[in-house]
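In the working numbering, the protein residues as written are 638 to 776.
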């Protein structure tokens, strides 16, 4: 689907979950430059920028804003566009899988630390619960 404004793009993405990627021009009537990418950074899809702006500063700004790739409109061929879209989508999927695995790993580590701490404190907890004086006192 093709839209001509950032607002229309956000509405399309909100309305339908059937998209695999956002192919984005930086200069839209309601948004310019890397702000356009930043406005879509909450969308769980890869963002490939297709722009006429050949500037290292713009490239860095769009990458910092969340773009997965940046292509110049000048000289782009269909084959190259498909190639870059395919690779951007693959990188995005691998990055998401890594982030999800890292989140699970951290949650498991937190549960493990909590269980270890509980086991370590168990004698003190049961001692205090039995009505006897715990082996330490709080001030």
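For every residue, glycine included, the Cβ atom is placed at its ideal position computed from N, Cα and C. Source: prediction; values computed, not measured.
In summary, residue 706 is buried, with 16 or more beta-carbon neighbours lying within 10 Å of its beta-carbon over all protein chains present. Contact annotation: residue 703 and residue 674 have beta-carbon atoms nearer than 8 Å. Around the beta-carbon of residue 683, 16 or more other beta-carbon atoms lie within 10 Å, marking it buried. Apart from sequence neighbours up to five positions away, the residues of its chain that approach residue 650 with a beta-carbon distance below 6 Å are 680, ordered along the chain.
Closest option to residue 721, judged by alpha-carbon separation, among 668, 758, 687, 665: 687. Here residue 699 is buried, its C-beta having at least 16 other C-beta atoms within 10 Å. Pairing residue 689 with residue 738, the inter-Cα distance amounts to about 37 Å. Non-local C-beta neighbours of residue 730 in its own chain, meaning closer than 7 Å and more than five positions away in sequence, are absent. In this structure, the CA atom of residue 754 is about 20 Å from the CA atom of residue 741.
Shown here, residue 653 sits in coil according to DSSP, grouped into three states, outside any helix or strand.
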